[in-house]
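Peer 1: Structure below; questions to follow.
Number of protein chains: 2
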Amino acid sequence: MTEYDLTTVTAALSRRDWDDSTDGEVRFALVGLGWWTREYVLPVLTDLDACAATVAVSGTASKRESVVDDWDRVETALSYEEFHEGVAVDEYDAVYVCTPNATHLDHARAAADHGKAVLCEKPMEATPERAAAMVDACERADVPLIVAYRMQTDPAVRSLRTAVRDGLLGDPVHVHGHMSQRIGDIFPDGNWRLDPDLAGRGGSVTDLGIYPLNTTRFLLDVEPVSVRATASSDGELFAEIPDERASFEVTFDDGTVAQCFASQNAEFSAGLEIVGTQGSLRLAPGFFDAETQRITLTRDGERHSVTYDPVDQMREEFAYVAHHLLRGEPVDPTGAHGVVDVATIDAIYDAAESGERVSVDTDPDPAE
Amino acid sequence: MTEYDLTTVTAALSRRDWDDSTDGEVRFALVGLGWWTREYVLPVLTDLDACAATVAVSGTASKRESVVDDWDRVETALSYEEFHEGVAVDEYDAVYVCTPNATHLDHARAAADHGKAVLCEKPMEATPERAAAMVDACERADVPLIVAYRMQTDPAVRSLRTAVRDGLLGDPVHVHGHMSQRIGDIFPDGNWRLDPDLAGRGGSVTDLGIYPLNTTRFLLDVEPVSVRATASSDGELFAEIPDERASFEVTFDDGTVAQCFASQNAEFSAGLEIVGTQGSLRLAPGFFDAETQRITLTRDGERHSVTYDPVDQMREEFAYVAHHLLRGEPVDPTGAHGVVDVATIDAIYDAAESGERVSVDTDPDPAE
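Residue numbers (my numbering), protein chains in the order written: chain A, 1 to 368; chain B, 1 to 368.
Below, the structure written as C-alpha cells:
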C-alpha cells in the first residue's frame with residue numbers, strides 16, 4: 001500500500017473493524033421515550049440479535065404503555081420513580097439513558113445502584129460536575145459507563161481515524177468542523193434542547209457543536225486545552241439560550257487548533273476537515289446519517305475520494321456496545337472521556353460570555 | 001427560475017459577466033519581475049488584445065534585460081530609480097506593482113506622480129497607514145488605484161456572489177474559509193513573504209488569509225468589525241514571522257462570523273463555505289486556479305453542484321481592468337476597499353499577540 005492510497009485504507013477495513021460475532025443478548029431498559037428513542041432506537045434493538053429492548057421507562061404513562069403495546073419484546077412499562085426504586089431490575093441488563101441532559105445523572109445513578117451498565121446519550125450531563133458525579137457513581141458500583149457518541153462507531157469516521165493514524169496527514173495543523181440544522185422545522189413548538197434548565201447552558205454547542213468537538217478528539221487522539229467562542233441569539237425560539245449560533249475555537253494539547261460552528265437555526269450542514277503538514281482529509285457531509293458520505297484525501301495536491309453508503313448509526317452503536325458488554329470487554333467511549341466534552345462545552349459558554357480565552361478544566365469536582 | 005436553481009444562476013452568467021469588447025490597448029509598466037510577473041503576468045499581457053507589457057522595471061539589471069530580450073512588446077528596461085524619475089513615461093499608460101508588500105507605496109506614488117493608473121498586488125502594503133497613503137497619493141493625482149484581488153474577477157466567485165444576492169442562502173450566518181500551501185516547496189531557500197521587513201507583520205495571514213477575508217467581503221458585501229486570532233510558528237523557515245499557521249475569526253457588520261485558517265506550511269488546501277438560514281454554498285477547491293472548481297448549494301437538505309473549468313485568473317483580472325480603464329469607467333476593487341483588508345490583517349496580528357478581541361480601524365491615518 002502506498003502511504004497515501006486512501007482507497008486501500010478503506011478497503012482494508014471490513015464493514016465493521018471489530019469482530020461482530022457474539023453469543024447472547026443485552027437486554028436494555030430504555031429511559032426516556034422521546035422522538036429519538038422511538039424513531040431511532042427501538043427499531044434497531046428489535047432488529048439486532050445481540051440486543052433487545054425489554055423495559056420502557058418514561059414520566060408519561062401513555063408513552064411507556066404505547067411502547068409496550070407496539071414492540072413485542074418490551075413487556076414492562078415503568079415510571080421514573082419505579083425505575084429508580086428498582087422495580088423489574090431482573091428484566092434488563094443495561095440502561096440506555098435518553099432524557100433531557102440535566103436529568104441524565106439521576107437515571108445513571110439509579111442504573112448504577114441496580115448494578116446495570118449505562119449507555120448515556122451525549123452530552124453526558126448539563127454541567128461538568130454532574131458528569132463527573134456520573135463517572136463516580138458508576139465507578140463505585142463497578143458498572144460500565146459508555147457515552148453514546150455514535151460517530152465513534154461510524155464506519156466512515158473509523159476509516160478517517162485509520163487514515164490519520166497511518167500518517168496520511170503528516171502532522172495535523174488545523175481542523176474545521178460544523179453542524180447546523182433548523183430545529184424549528186423539527187420541533188415547531190419548541191424543544192427541551194432550547195431550555196437551559198434541561199439542556200445545560202445552551203442549545204447549539206451542547207447539542208450540535210459536540211459532534212465536531214468529540215469527533216476531532218477521537219480522530220486525532222488529542223485533548224482540549226483552551227477555548228474561545230462567539231455566540232449570539234435573536235430569534236424568539238432561542239430567547240432562553242445564548243447560542244442560536246456559535247463559533248468556537250478549541251486549542252488541543254498537540255497544538256492543533258479546531259474552528260467549529262454550530263447552529264440550531266441555519267441550513268442543515270455538517271462536515272469536518274483536517275489539514276495537516278502532508279495532506280488534508282475532509283468528511284462531507286458528516287455526522288448526519290441520511291446521506292452518502294464522502295471522504296476526500298488531498299496529498300501532494302492530488303485528490304482521492306471514497307464514498308460511504310448511509311448506515312444506521314444507532315445500529316452500529318448498539319451492536320458495538322452489546323458486543324463488548326457481552327464479552328466483558330471495556331467499552332469506549334467511557335464516561336471519563338465524556339466528562340471532557342462537557343467541561344469543554346462549559347468553557348466555551350464561559351468564553352462566549354467573557355470574550356476571553358478560557359482553559360478547560362478536564363478534571364472537574366463531582367457534584368454532590 | 002426557481003429560487004434555488006443554482007445551475008440556472010450559473011448558466012445565466014456568460015463566461016464573463018461584463019462586456020469584454022473593447023477598442024484600444026492599455027500599455028503596462030511591470031514593476032517587479034519576480035516569479036509571479038514572469039510566469040503569470042507576461043504571458044497574459046502578451047496574449048490579450050486589450051493589454052500589452054511595454055516597460056520592465058526591476059532592481060536587478062539582468063532580470064529587466066532578459067524580459068526585454070524575451071518578450072517582443074517589452075522594449076524598455078528601467079531600474080526602480082529610473083522608473084521613479086519618470087524615464088520613458090510616454091511608453092506606458094498604467095503600472096502593475098508586484099514587488100514585496102512593504103515597497104508598494106513607493107512605486108504606486110511614483111506611478112501616481114506620473115499620472116498613471118495603478119494596479120497593485122494584494123495585500124496593498126505592509127501597514128494600514130502606508131496603504132492609506134497610497135489611496136491619498138492616487139486621489140491627489142486623480143489616477144485610478146485598483147487592487148489585484150483576482151477572486152473578484154473569477155467566474156466561479158462571481159457566480160457565487162450572484163447566488164448570494166439572489167437570496168439562495170437566506171441570511172448568511174457563518175463563513176469558513178481556508179488557504180494553505182507549503183511555501184518551502186515553492187521557495188526552498190526562503191522568500192520575502194516570510195520576511196517581516198518586506199511582507200508586513202506576518203506571512204500566512206498577509207499572503208494567504210487575505211483570500212478568504214477579501215472573498216467573504218466581496219461575496220456578502222460586508223465589512224469587518226472585530227477580529228480574534230491564534231497564531232504560532234516553530235519551523236526554522238518561519239522564525240521571523242508569528243504565523244507559520246494562523247486561525248482567525250472575523251465578525252462582520254451584519255453579524256456574520258467568519259472562521260479562517262491560513263498556513264504557509266501545510267498541505268495545499270483552499271475553500272470557502274457559507275452557511276445561511278436557508279441554504280449553504282461551498283466553493284471547493286477555491287482560490288488556486290489549477291483545478292476544476294465546484295460550487296455546491298445545499299438547500300432544503302438537497303445538494304446542487306456546478307463545476308467550473310480552470311481559468312487563467314490573471315487573464316480575467318487584466319482583461320477586466322483594461323476593459324474598464326479603456327472605457328474610462330471606475331474599476332473595482334479600489335484602493336479604499338483594499339485598505340480595509342490591510343487594517344483587518346493588522347488587527348489580526350494584534351489579536352494574535354494580545355489574545356484579545358481587536359476592533360478593526362477601517363479608516364487608518366495615512367503614513368507620511
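Glycine is no exception: its CB is placed at the ideal position from the N, C-alpha and C atoms. Source: prediction; values computed, not measured.
1. For a cutoff of 8 Å on Cβ pairs, would you count B:S280 as touching chain A?
2. I'd like the list of long-range same chain contacts for A:D113, defined as Cβ closer than 7 Å, with 5 residues on each side in sequence excluded.
3. Mind checking if B:G355 is an interface residue toward chain A, Cβ cutoff 8 Å exclusive?
4. Which residues, taken in chain order from the stretch 246 to 260 of chain A, show a beta carbon closer than 7 Å to some beta carbon of chain B?
5. Taking just the CA atoms, how far does B:Q152 sit from B:T307?
6. Using 8 Å as the threshold, is the C-beta distance between A:R303 and A:I295 below it?
7. Using a Cβ-Cβ cut-off of 8 Å, state whether A:A266 counts as contacting chain B.
8. Please classify B:A239: is it buried, with 16 or more other beta-carbons within 10 angstroms of its beta-carbon, or exposed?
9. Who are B:M179's beta bridge partners in DSSP?
10. Please classify A:A371 as buried or exposed, where buried requires at least 16 neighbouring CB atoms within 10 angstroms.
11. Return helix, strand or coil for A:R109, following the three-state DSSP convention.
12. Consider the Cβ of B:R228: report whether some Cβ of chain A lies at a distance smaller than 8 Å.
13. Give me the residue from A:V175, A:R73, A:A56 with the minimum Cα distance to A:A271.
14. Is it true that the CB of A:D166 sits closer than 8 Å to the CB of A:T277?
15. Report the rounded CA-to-CA distance for B:A336 versus B:A132, giving the unit in angstroms.
16. Using a Cβ-Cβ cut-off of 7 Å (strictly less than) and excluding sequence neighbours within five positions of A:V135, which residues of its own chain qualify?
17. Count Cβ pairs between the stretch 40 to 57 of chain A and the stretch 308 to 320 of chain A that sit closer than 8 Å; are there 3 or more?
18. Listed in chain order, which residues of the stretch 195 to 213 of chain A have Cβ atoms closer than 8 Å to some Cβ of chain B?
19. Spatial neighbours of B:H324 within its chain, please: C-beta separation below 6 Å, excluding the five flanking residues on both sides.
20. Please list the residues of the stretch 165 to 193 of chain B that have a C-beta atom closer than 7 Å to any C-beta atom in chain A, keeping them in chain order.
21. So which residues on chain B does A:V275 lean against when the C-beta distance must stay under 8 Å?
22. Is there a Cβ of chain B sitting closer than 8 Å to that of A:T307, yes or no?
23. B:S21: buried (16+ other C-beta within 10 angstroms of its C-beta) or exposed?
24. Under 8 Å between C-beta atoms, does B:G301 make it to chain A?
25. Report the partner residues of B:E302 according to the DSSP bridge assignment.
26. Which residues of chain A have a Cβ atom closer than 7 Å to the Cβ of B:S233, listed in chain order?
27. Any contact of the stretch 191 to 209 of chain B with the stretch 227 to 243 of chain B, i.e. 3+ C-beta pairs under 8 Å?
28. Which of the three DSSP states is assigned to B:L145 in this structure?
29. Give me, in chain order, the residues of the same chain whose beta-carbon lies closer than 7 Å to that of A:P366; leave out the 5 immediate sequence neighbours on both sides.
30. Pull up the CB-CB distance for B:M179 and B:P212, whole angstroms please, since I reckon it's below 8 Å.
31. Are the C-beta of A:M1 and some C-beta of chain B separated by less than 8 Å?
32. Going by beta carbon distance, what residues of the same chain come within less than 6 Å of A:I348, once the five residues before and after it are set aside?
33. What separation, rounded to the nearest whole angstrom, lies between the Cα atoms of A:S280 and A:V147?
34. For a test of the three-state rule: what should DSSP assign to B:I348, helix, strand or coil?
35. Is the distance from the Cβ of A:D341 to the Cβ of A:N191 below 8 Å?
36. Just list the residues that DSSP pairs B:S62 with in beta bridges.
Peer 2: Reading off the structure:
1. Yes, contact with chain A.
2. So the qualifying residues of the chain are A141.
3. yes
4. S247, E249, T251, G255, V257, Q259
5. When only Cα atoms are considered, B:T307 and B:Q152 end up about 18 Å apart.
6. Going by C-beta atoms, A:R303 is not nearer than 8 Å to A:I295.
7. It does: the Cβ of A:A266 has a partner Cβ on chain B nearer than 8 Å.
8. exposed
9. B:A262, B:A270
10. Given that chain A is displayed from residue 1 to residue 368, the structure contains no residue 371 of chain A and the question cannot be resolved.
11. helix
12. yes
13. Here the sequence assigns Gly to residue 271 of chain A, which means Ala is not the residue at that position. Answer by Cα proximity: A:V175.
14. no
15. 8 Å
16. L145, G335, A336, V339
17. yes
18. none
19. V331
20. Using a CB distance below 7 Å, the part of the stretch 165 to 193 of chain B facing chain A consists of V173, H174, H176, H178, S180, ordered along the chain.
21. H178, S180, F261, S263, A266, E267, S269
22. no
23. So B:S21 ends up on the exposed side.
24. yes
25. Looking at the DSSP assignment, B:E302 forms a beta bridge with B:R299.
26. Residues of chain A passing the Cβ test: none, with the nearest at roughly 11 Å.
27. yes
28. B:L145: strand per DSSP, three-state reduction.
29. E129, A132, A133, D136
30. 6 Å
31. Legend: pLDDT at A:M1 = 37, less than 50; position of this residue unreliable, value from coordinates given subsequently. Judged by the 8 Å Cβ criterion, A:M1 is not in contact with chain B.
32. V205, V227, A229, F248
33. Cα to Cα, the separation comes out at about 29 Å.
34. Note: B:I348 maps to helix in three-state DSSP.
35. no
36. DSSP, once it has assigned bridges, lists no residue as partnering B:S62.
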